[in-house]
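**Student:** Numbering (our numbering), first residue to last: 142 to 402.
One structure coming up, written as structure tokens, with questions to follow.
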């Protein structure tokens with residue numbers, strides 16, 4: 142059976158229970174996937190990935206102009222995925238010569254394979270713990286001690302996103318600077334940046350104007366520089382609370398030097 146949608150011809154298949162389904166779609170990979178050697182087989186510097194496409198039986202299916210074989214109720218073909226951004230285009234042709242197509246974009250970041258980024262949100266209560274105890278070392282605080290061991294054992298670098306206040310009587314202006322030297326000594330792996338003014342309300346910056354995001358960023362940032370040093374700042378990457386804001390809020394962060402959210 143054929144049906145039209147927005148001027149494009151689509152093929153449809155009928156299941157045994159009589160339910161119609163759109164015929165052509167990628168099963169693996171999916172649009173936006175970042176692929177690594179774990180997703181395929183390396184042949185020299187090339188990553189071969191088994192592409193799987195769902196389409197009705199008895200069609201001819203190509204992916205990037207290469208014919209795919211019908212295997213286990215799907216069409217399969219091994220193709221190289223070697224660029225940062227790769228286009229995969231599937232075309233299905235039925236017995237009457239009707240065709241439909243779909244495409245996706247997938248990514249491969251060669252330099253990122255085997256690496257990870259550890260970011261910790263909602264940092265304020267550990268700062269209160271440091272302020273309220275006369276620790277010899279910041280890593281005597283159980284929370285920070287965890288990350289010291291991770292760095293020791295796995296060379297893990299950590300990015301912590303900080304609130305200004307815990308909304309229960311403590312804010313960053315009360316954080317002493319007696320640990321500043323040790324923060325600086327560990328600034329090559331332990332970084333801080335702005336997260337939000339506070340934990341509540343949720344989604345605090347969903348409707349925020351420019352000045353609110355700009356103000357809160359500097360409230361937190363100025364205190365980080367005071368008690369930990371500028372070298373501990375993650376200056377161009379930010380983990381904003383709930384990862385959302387307005388266009389004006391995004392512009393405020395950009396004006397603060399943030400290039401990656």
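Cβ atoms here follow ideal geometry from the backbone N, Cα and C, with glycine treated the same way.
Only a predicted model underlies this, so the values are computations on that prediction, with no experimental measurement involved.
1) Please list the terminal residues of the continuous alpha helix (DSSP H) segment that includes residue 363.
2) What distance in whole Å lies between the Cβ atoms of residue 384 and residue 402, which are believed to be in contact at a cut-off of 8 Å?
3) On the CB-based measure, 16 or more other CB atoms within 10 Å of its CB, does residue 207 come out buried or exposed?
4) Can you look up residue 318 in the DSSP assignment and give me helix, strand or coil?
5) In chain order, what residues of the same chain lie with their CB nearer than 8 Å to the CB of residue 191, ignoring the 5 residues before and after it?
6) Pick helix, strand or coil for residue 222, following the three-state DSSP scheme.
7) If you run the structure through DSSP and keep just helix, strand and coil, what is residue 271?
8) Put residue 162 into one of helix, strand or coil per three-state DSSP.
9) Confirm, please, whether the CB-CB distance from residue 291 to residue 259 is below 9 Å.
10) With distances taken from CA atoms, which of 396, 321, 298 is nearest residue 276?
11) If you draw a straight line from the alpha carbon of residue 341 to that of residue 296, how long is it in whole angstroms?
**Tutor:** Checking against the coordinates, here is how it stands:
1) Where residue 363 is concerned, the enclosing alpha helix (DSSP H) stretches over 351 to 369.
2) By a beta-carbon distance limit of 8 Å, residue 402 contacts residue 384. Their separation comes to about 7 Å.
3) exposed
4) coil
5) 169, 181, 217, 218, 219
6) coil
7) helix
8) Low confidence applies to residue 162: its pLDDT is 38, below 50, so where it sits in the model is not reliable enough to give any reading.
9) yes
10) 321
11) 33 Å
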